Amino acid sequence: MTNGKIFFDETRRILFAAVIALLVALVIILIASKNPLETFQTFIAGPLSSKRTVGNWIDDSAKLALAGLAFSLVFQARQFALGVQGQVYAGGTVAAAIALSPLGLSWVSIPVAAIAAMMAGAFLGFIPGYAKAKLNANEIVSSLMLNYIAYDIANLFLRLYLASPKSGLTASEAFPASAVYPAFIARTRIDLGVVLALGAVAIVWFLLYRTAWGLRLRLTGHNARFAAYSGIRSNFIMVSAMTASGAIGGLLGALFVQGQGFAKIVVGFEGGLSFEGILIAIVARNRPLAIPFVALGYGYLRQGAALMGYRTDVPAEVIGIVQGIVILLVASSFTLPGRAFLNRIMGGSSAARAPST
Amino acid sequence: MNEIFDTILSAAFVAAVIRTTTPVLFASLGGLLSDLVGSLNVALEGMMLIGALTAVIVSAYAPWYVGVLAGLAVGGLLGALMALFHLRFKADVILVGFAVNIIAAGGTVTALNYATGGDKGTSINLPSKAVPSLDLSFLDAIPGIGPVLTQMFSGHSYLTWLAVFLVFAIWYFLYRTPEGLRFRAVGEYPAAAEAAGISPNRLRTYGLVASGALAGLGGAQLAMFNFVGFTRDMTAGRGFIALGAVLLGRRHPVGTAIAAVLFGAFEALSIALPGILPRVPGEVIHTIPFVVTVLALMLSSKRRVTA
Amino acid sequence: MKPFLEAIGIDKTYPGGVHANKNVDLTVAHSEVHAVVGENGAGKSTLMKILFGVEQPNAGEIRLDGTPITLHSPRAAIAHGIGMVFQHFSLVPSFTVAENVVLGVEPRNGLKMDRKRAAETVQALADRFRLPVDVEAPVERLPVGQQQRVEILKALYRDAKLLILDEPTAVLAPQEVEELFSAIRSLTAQGRTVLFIAHKLPEVIEISNTISVMRAGQMVGRVDKKDATEAGLARMMVGRDVALKVTRAKPGDHPHLCRISGLTIKNDRGLDAISGMDIVLRAGEIVGIAAVEGNGQSELFEAIGGLRPVEAGSVELNGVDIVAVPVDQRRDAGLAHIPEDRIATGSAGGASVAENIVATELENERFVRHGLLDLGAIRKHAVELIERFSVRVSGPDAAIGTLSGGNMQKVVVARELSSDPKLLLVSHPTRGVDLGATEFIWQRIALARDAGSAVFLTSADLSELLSLSDRMIVLYRGRIVAAFSNTTELTPEMLGSYMLGFAEQPVHERQAALA
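Residue numbers (this note's numbering), protein chains in the order written: chain A, 33 to 389; chain B, 14 to 320; chain C, 1017 to 1531.
Laid out in structure tokens, this is it:
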């Protein structure tokens, strides 16, 4: 398959997902809203209604891209580690601690907090990986459990050490300006986080497609037994993929708390965004370079849904339904025109697996 | 420390464990049935959540048992939906399961918003009903241990006894009936079942539907007995813990039930502890069931590797 | 008499474009043993899958007792009294023989399954058709020959009038073949019809009443037993007089290269798969392992290849023990491995041909420097190998999973031989590969031997072993029970009695051939 064809296929796939998402949203709005036309208009046009909303869209997209990147890395290794949420809380808490420390009075706190957040996330990513490699513990369950644990511990830490009494112990004081990501466009949330997200995309792409580690990881994902047979230390690859994914999750935590959106740490700051990375990764078929585009597209819908939640009688949570249905449809193999044909070929090759005499 | 032991050894604690175990036990038995035929159901969490909300809303307008049946039915439908996408459209079962979880998280809030006329947090203004409890106070008459037995076993939901019955019913089904033999054959070696004229995908569909129905029952128990009423994200990881119980239970109904009781016990402990140890932060106590699940998973899996 | 089964004008093209059956006719009489012979890739299996409803023909008609029937699934075939035993058995390992046989058509007693009746019925069938087997034993404990009986019993339990056996002798030792044949005779004596797929001609002539020959997707002839000769059938099968021949190793000095001592390996169930094996492999020599499936040969290769832990003993390659060494370092030390399953072990189906080829060379400076891939060099290397091994593929970027079996095997062989291995493990190198590719792969293995590799070979096909090996050992239940120099006196029957454990070679004879 040529690069051109892959590009064409992926673009078509992403557009298809977008069409499904819009249709599903339209149907829900038709059912749920007393004033569907106006509601749908808010959903569709809302994100472009002001400089601020455009900024929110771009900022959300950067975060979604990081979450998608974290999932795509483990998915490429065929591991179903779902611990990004916990990593975000760990990374955010560590970043907040640094921002609120004396270090926060200097710009140095930005790189230091980013690195510390990545290390915290990496540690959380490492645990299920190690438990699977050494103890054969199912990574789905252990990573999900760690999400709950990390959330509780982050809240504990916030309440005991970071929170300001004024907030009723649910948020910290605002970080010093030197510890907040500078905005590129005033009074928007378009800040350093966008650059960090794009940088992470480029780095992950390079690691996956230009390094031996990336090839090992992809081969392990294609067929772990083949990888072991070829001399690839697939346990190491698996653990390192989960750890690297954890670092991305940790970085996302720093983006949250130090970005223009919050500039402080708040209970439940992540707001469920991490799991939406699953959708990003799936629609992008785990390809890093497709992730920013998918994130922009989905981020737009998400922003539209949020505005719809504020301004109309349809709650923002409907986006969850849209998201779930898009995952269902995109993960299925009946979706794209031409897919049935592909399946027939695949079916043929699986029949050829039996000794054909 | 002594206070903890006193609590754990008390009849009231046993009663609390039975109560906390019931929802997880339903979901675990469901997870077992789908895992056994080869599709790991990670959607137990979402199925419980949707089952819980459905049961609450329906019970506000109908008798309690109709609410419970509605929870069961909606869970079964979700299982059928998973089967459709996983088996018919060949989507990865874990992705399908997570899609259901995501739909559940957003969908329950959306639906609650409509059912309550604008409340996105709880169903407090819905007159939902509770599952009645089964009075076994006649056990008091047994000399000596009677009162203790009453304290432990009386006053539980009807559904609790249904769950206990199901543990044995599922065991009987799997190991004594022809259909159970087919279930196990599909789980162990689908090609053999297929060659024997059994459709693995049909049994997988049954497994997913049954797992959804049982998870839905678990949700109904949660929102119509353990708590009365629905709150946003009220399952709080119980479906995932149930999945842990499935993995821990070695594909056997009794093993799965024991694992569910273990997790239920730690949940009960995390409810009882704040009263005993007020100085331990609530957040730490709250993590106990999750920590125990991770540890149990690691330790048990390790034994399997070395065995 | 009216024919029992007729297939008329069967045509089948797979979606991938392979034209497997071209206007094939087949007529089978009542109560006969009808053999269908042909080389690998001739289309026999496809035809049988069509007759059993696994595959649907693009054109043609099937008639049973003169009535046209449609077989849209194996269920339909079973309902019409057609049963099939595949080469790969479909038995649930932990279930008993009786449970496996009745699965899907269980006798019941109310809600419960009637275990007693199941066992009795299966026992009665086994007695009636001379297929002795312990009905209460879990099938995972049974040897392959008995598992095959369970498969036949399954078909008979479903009242099969026509039994299709796909290469039933491929997994059996010669003496087990005799037992199978006596069961087949008892089947036809009791009115059942047997359709027998094979490519070993002496057996075919012995058991069949009628023989149909296929070549390249077409039915090329039909011979009665009395007119059949091996040479004649072979000519029809191949279309030319060829016998694949590989030259033996040149006599002379073959230095010791690999010494295996006291090697003990456990299988997946924790039992000894190989116990206390001692053997020396020499450079420039092929050592063949003859064994009935499941006697430790798979575990032996997995362990030497690094996919399975070793319980005790050592494998010294050039004097260095590689038992505790990770796979990448074993490969650095000169190990290469053509595994028995090219799809499950030998390739990553979704990755490209080039990525599959470079997978074993990720430590090599030629392709990876400072952890970075040299995509140009990787591609060039893949293109070279594709040309040198005449792999039919659109290019190095094609996913390997889209290749045909023979071409995929060529990629695996190319990769493993390209590292100039010192010790080469070769497992079923031509399973499911067509004749042309077989010849090619055999020559390449012989070339590697001549270049100084020590080759350790196992195959279910005794003729392949006898054609390639310079020395042969026989494994029975994880032990070497015989060892020979491969001379013209060595026959499949001699190997067979050792393979079944009927005989054990005197220790001194064995020692002499093992050193």
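We put the beta carbon where it would ideally sit given N, CA and C, even for glycine. Here the structure is a predicted model, which means the values were calculated and not measured.
Once the 5 residues before and after THR43 of chain A are set aside, which same chain residues still bring their CB inside 7 Å of it?
The residue labelled residue 43 of chain A in the question sits at position 11 within the first sequence. Annotation for THR43 of chain A: no residue places its beta carbon closer than 7 Å to its own, counting only its chain and skipping 5 residues before and after.
Using the C-alpha atoms, what's the distance from LYS1177 of chain C back to SER1224 of chain C?
Mapped onto the third sequence, residue 1224 of chain C falls at position 208. Mapped onto the third sequence, residue 1177 of chain C falls at position 161. Inter-residue distance for SER1224 of chain C and LYS1177 of chain C is about 17 Å (C-alpha atoms, whole angstroms).
Cα-Cα separation between ILE1461 of chain C and PRO1437 of chain C, rounded to whole angstroms:
Taking the first residue of the third sequence as 1, we reach residue 1461 of chain C at position 445. Taking the first residue of the third sequence as 1, we reach residue 1437 of chain C at position 421. Distance between the alpha carbons of ILE1461 of chain C and PRO1437 of chain C: 11 Å.
Delimiting residues of the alpha helix (DSSP H) encompassing PRO1084 of chain C
Here residue 1084 of chain C is taken as the residue at index 68 of the third sequence, counted from 1. No alpha helix (DSSP H) holds PRO1084 of chain C; the beta strand (DSSP E) holding it covers 1083-1085.
Using CA atoms only, rank isn't needed, just tell me which of C:ALA1414, C:ARG1382, C:GLN1163 is closest to SER1435 of chain C.
If you number the third sequence from 1, residue 1435 of chain C lands on position 419. Out of C:ALA1414, C:ARG1382, C:GLN1163, C:ARG1382 has the C-alpha closest to the C-alpha of SER1435 of chain C.
Using DSSP with H/G/I as helix, E/B as strand and the rest coil, what is LEU194 of chain B?
The residue you call residue 194 of chain B lines up with position 181 of the second sequence. In the structure shown, LEU194 of chain B sits in a helix (DSSP, three-state: H, G or I).
Is ALA1114 of chain C closer than 8 Å to ALA1135 of chain C when the C-beta atoms are compared?
For the purposes of this step, residue 1135 of chain C is identified with residue 119 of the third sequence, where counting begins at 1. For the purposes of this step, residue 1114 of chain C is identified with residue 98 of the third sequence, where counting begins at 1. It is a contact, given that the beta carbons lie within the stated cut-off.
How about TYR342 of chain A: is its C-beta nearer than 8 Å to some C-beta of chain E?
Absent from the structure: chain E. Protein chains present are A, B and C.
If LEU192 of chain A sits next to LEU132 of chain A, beta carbons under 8 Å apart, how far is it from one beta carbon to the other, in whole angstroms?
Taking the first residue of the first sequence as position 1, residue 192 of chain A is located at position 160. Taking the first residue of the first sequence as position 1, residue 132 of chain A is located at position 100. Not confirmed; about 13 Å, so no contact.
For the 8 Å Cβ check, are there 3 or more pairs between the segment 52-66 of chain B and the segment 94-109 of chain B?
Contact holds: three or more Cβ-Cβ distances are below 8 Å.
If you draw a straight line from the C-alpha of ILE1354 of chain C to the C-alpha of VAL1442 of chain C, how long is it?
The residue labelled residue 1354 of chain C in the question sits at position 338 within the third sequence. The residue labelled residue 1442 of chain C in the question sits at position 426 within the third sequence. C-alpha separation (whole angstroms): 5 Å.
DSSP state of THR1210 of chain C mapped onto helix, strand, coil:
As a working mapping, residue 1210 of chain C is identified with position 194 in the third sequence. Residue identity check: residue 1210 of chain C is Val in the sequence provided, not Thr. Note: VAL1210 of chain C maps to strand in three-state DSSP.
Starting from the beta carbon of ILE211 of chain B, find every residue of chain C whose beta carbon is closer than 8 Å, and list them in chain order.
Within the second sequence, numbered from 1, the residue matching residue 211 of chain B stands at position 198. What ILE211 of chain B touches in chain C, judged by beta-carbon distance under 8 Å, is LEU1119, GLY1120, going in chain order.
Do we get a CB-CB distance below 8 Å when we pair LEU368 of chain A with the residues of chain B?
Reading the first sequence from its first residue, position 336 is the one you call residue 368 of chain A. Low confidence applies to LEU368 of chain A: its pLDDT is 43, below 50, so where it sits in the model is not reliable enough to give any reading.
Touch check for the segment 1277-1295 of chain C and the segment 1320-1334 of chain C: three-plus C-beta pairs under 8 Å?
Yes: the two stretches touch, three or more of their Cβ pairs being nearer than 8 Å.
Nearest candidate by alpha-carbon position, reference GLN1313 of chain C, set C:ARG1495, C:GLY1300, C:THR1361:
Here residue 1313 of chain C is taken as the residue at index 297 of the third sequence, counted from 1. Restricting attention to C:ARG1495, C:GLY1300, C:THR1361, the CA atom closest to the CA of GLN1313 of chain C is found in C:ARG1495.
Could you tell me if ARG1385 of chain C is buried or exposed, where buried requires 16 or more neighbouring beta carbons within 10 angstroms of its beta carbon?
By 1-based counting over the third sequence, the position of residue 1385 of chain C is 369. Looking at its Cβ environment, which holds fewer than 16 other Cβ atoms inside 10 Å, ARG1385 of chain C is exposed.
Report the rounded CA-to-CA distance for THR367 of chain A versus VAL358 of chain A, giving the unit in angstroms.
As a working note, residue 367 of chain A is residue 335 in the first sequence. As a working note, residue 358 of chain A is residue 326 in the first sequence. The pLDDT assigned to THR367 of chain A is 42, lower than 50, so where the model puts this residue is not dependable; a value taken from the coordinates is nonetheless given after this. One C-alpha to the other measures close to 11 Å.
Mind pulling the chain A residues with CB within less than 9 Å of ASP1344 of chain C?
Here residue 1344 of chain C is taken as the residue at index 328 of the third sequence, counted from 1. Contacts between ASP1344 of chain C and chain A, judged by CB atoms closer than 9 Å, involve SER262, GLY263, ILE264, ARG265 in chain order.
Residue ranges of each alpha helix (DSSP H) run of no fewer than 4 residues wholly in the segment 230-276 of chain A, ordered along the chain?
Along the segment 230-276 of chain A, the alpha helix (DSSP H) occurs as fully enclosed runs of 4 or more residues at 244-254, 256-262, listed in sequence order.
DSSP on SER1198 of chain C, reduced to helix/strand/coil?
Position 182 of the third sequence, counted from the start, is the residue given in the question as residue 1198 of chain C. Shown here, SER1198 of chain C sits in a helix according to DSSP, grouped into three states.
Would you say PRO1184 of chain C reaches chain A, if we count a Cβ-Cβ gap shorter than 8 Å as a contact?
Stepping through the third sequence from its first residue, residue 1184 of chain C is reached at position 168. No, PRO1184 of chain C lies away from the interface with chain A (no Cβ there is under 8 Å from its Cβ).
Per-residue contacts from TYR322 of chain B into chain A (C-beta, under 8 Å)
Coverage of chain B is limited to positions 14 through 320, which leaves residue 322 of chain B absent and any answer about it impossible.
Tell me whether THR248 of chain B is buried or exposed, calling it buried when 16 or more other Cβ atoms sit within 10 Å of its Cβ.
For the purposes of this step, residue 248 of chain B is taken as the residue at position 235 of the second sequence. Classification for THR248 of chain B: buried.
Using a C-beta to C-beta distance shorter than 7 Å, which residues of chain A count as neighbours of ASP105 of chain B?
For this step, residue 105 of chain B is matched to residue 92 along the second sequence. ALA363, listed in chain order.
May I have the straight-line CA-CA distance separating ARG32 of chain B from PHE26 of chain B, to the nearest angstrom?
On the second sequence, position 19 is the one that residue 32 of chain B refers to. On the second sequence, position 13 is the one that residue 26 of chain B refers to. Straight-line measurement puts the Cα of PHE26 of chain B at about 10 Å from the Cα of ARG32 of chain B.
How about VAL315 of chain A: is its C-beta nearer than 8 Å to some C-beta of chain B?
Your numbering for residue 315 of chain A matches position 283 in the first sequence. By this cut-off, VAL315 of chain A is not an interface position.
Which residue marks the beginning of the alpha helix (DSSP H) containing ARG215 of chain B, and which one marks its end?
Here residue 215 of chain B corresponds to residue number 202 of the second sequence, with the count starting at 1. Per DSSP, ARG215 of chain B belongs to the alpha helix (DSSP H) from 213-234.
At the 8 Å Cβ level, is ALA270 of chain B part of the contact set with chain A, yes or no?
Translated into the one-based positions of the second sequence, residue 270 of chain B becomes position 257. Not one beta carbon of chain A lies nearer than 8 Å to the beta carbon of ALA270 of chain B.
C-beta contact flag for PHE166 of chain B and LEU179 of chain B at 8 Å
The count along the second sequence starts at 1 and reaches residue 166 of chain B at position 153. The count along the second sequence starts at 1 and reaches residue 179 of chain B at position 166. Taking 8 Å as the Cβ cut-off, PHE166 of chain B and LEU179 of chain B do not qualify as a contacting pair.
Beta-carbon proximity check, VAL1108 of chain C vs ALA205 of chain B, cutoff 8 Å:
Translated into the one-based positions of the third sequence, residue 1108 of chain C becomes position 92. Translated into the one-based positions of the second sequence, residue 205 of chain B becomes position 192. Using a Cβ distance threshold of 8 Å, VAL1108 of chain C and ALA205 of chain B count as a contacting pair.
Option nearest LEU1463 of chain C by Cα separation, candidates C:ALA1476, C:LEU1482, C:LEU1080, C:VAL1429:
Numbered from 1 along the third sequence, position 447 holds the residue referred to as residue 1463 of chain C. Comparing alpha-carbon positions, the option among C:ALA1476, C:LEU1482, C:LEU1080, C:VAL1429 lying closest to LEU1463 of chain C turns out to be C:VAL1429.
Residues that PHE307 of chain A contacts on chain B, provided the C-beta gap is smaller than 9 Å:
Locating residue 307 of chain A in the first sequence gives position 275, where the first residue counts as 1. In chain order: PHE111, ASN114, ILE115, ALA118.
Buried/exposed call for ILE1302 of chain C, threshold 16 Cβ in 10 Å
The residue you call residue 1302 of chain C lines up with position 286 of the third sequence. Burial call: buried.
For ASP1257 of chain C, does the count of other Cβ atoms within 10 angstroms reach 16, so buried, or fall short, so exposed?
Taking the third sequence and counting its residues from 1, one reaches residue 1257 of chain C at position 241. Confidence is the limiting factor: at ASP1257 of chain C the pLDDT is only 48, short of 50, which leaves the residue's position unreliable, though a coordinate-based value still follows. ASP1257 of chain C is exposed by the Cβ-count criterion.
Any C-beta of chain C under 8 Å from that of PRO191 of chain B:
Residue mapping note: residue 191 of chain B aligns to position 178 of the second sequence, counting from 1. Yes, because at least one Cβ of chain C sits closer than 8 Å to the Cβ of PRO191 of chain B.
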